[in-house]
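Letter by letter, the sequence shown follows residues 46 to 127 of the numbering used here.
Every residue, glycine too, gets a C-beta built ideally from N, C-alpha and C.
Please read these numbers as outputs of a predicted model, since none were measured by experiment.
Worksheet: one structure, shown below.
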Amino acid sequence: VKNITVNVGRTGALTPLAQMQPVQLAGTTVQRATLHNSDRIAELDIRIGDTVIIRKAGEIIPEVVRVLPELRPDHTQPFQMP
46 VKNITVNVGR
56 TGALTPLAQM
66 QPVQLAGTTV
76 QRATLHNSDR
86 IAELDIRIGD
96 TVIIRKAGEI
106 IPEVVRVLPE
116 LRPDHTQPFQ
126 MP
């Protein structure tokens with residue numbers, strides 16, 4: 046995970062996104078994956094620098110499904126939603 050950004054939807058809903066190195070997934074190049082909401086961020090304990098497992102939800106939307114904490118760099122900080 047290179048960065049975590051937050052998009053504001055048309056209704057004002059905040060959607061966090063993980064930005065990653067480009068990877069091939071189900072025939073497409075993926076650089077961003079949804080983190081859904083702040084509860085999911087807390088559940089995953091995702092941090093910038095983490096190595097993650099992603100999949101395509103509904104075969105379309107890339108999402109982070111798991112963090113590999115054993116590969117986490119030292120001195121990372123938990124992400125805080127704005």
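Between the CA atoms of residue j and residue i - distance to the nearest angstrom
i: Glu104; j: Val97; result: 18 angstroms
i: Ile86; j: Pro114; result: 14 angstroms
Residues of its chain near residue i, where Cβ-Cβ distance is below 8 angstroms and the 5 sequence neighbours each way are ignored
i: Leu62; result: Ile49, Thr50, Val51, Asn52, Arg77, Ala78, Thr79 and Leu80
7 angstroms CB neighbourhood of residue i in its chain, flanking five on each side removed
i: Val109; result: Ala63, Ala78, Leu80, Leu89, Ile91, Val97 and Ile99
i: Pro118; result: Gly94
Proximal residues to residue i (C-beta, below 6 angstroms), its chain only, five neighbours per side dropped
i: Val68; result: Val75
i: Ala102; result: Glu108
Contact belief for residue i with residue j at Cβ below 8 angstroms, rounded distance in angstroms
i: Met126; j: Leu70; result: No, Met126 and Leu70 are not in contact; Cβ-Cβ is about 26 angstroms, not under 8 angstroms.
For residue i: DSSP bridge partner residues
i: Thr74; result: Gln69
Next item on the list: With a floor of 4 residues, list each alpha helix (DSSP H) that falls wholly inside the stretch 81 to 108, ordered by position along the chain.
Entry: Listed in chain order, the complete alpha helix (DSSP H) runs (minimum 4 residues) inside the stretch 81 to 108 are 83 to 89.
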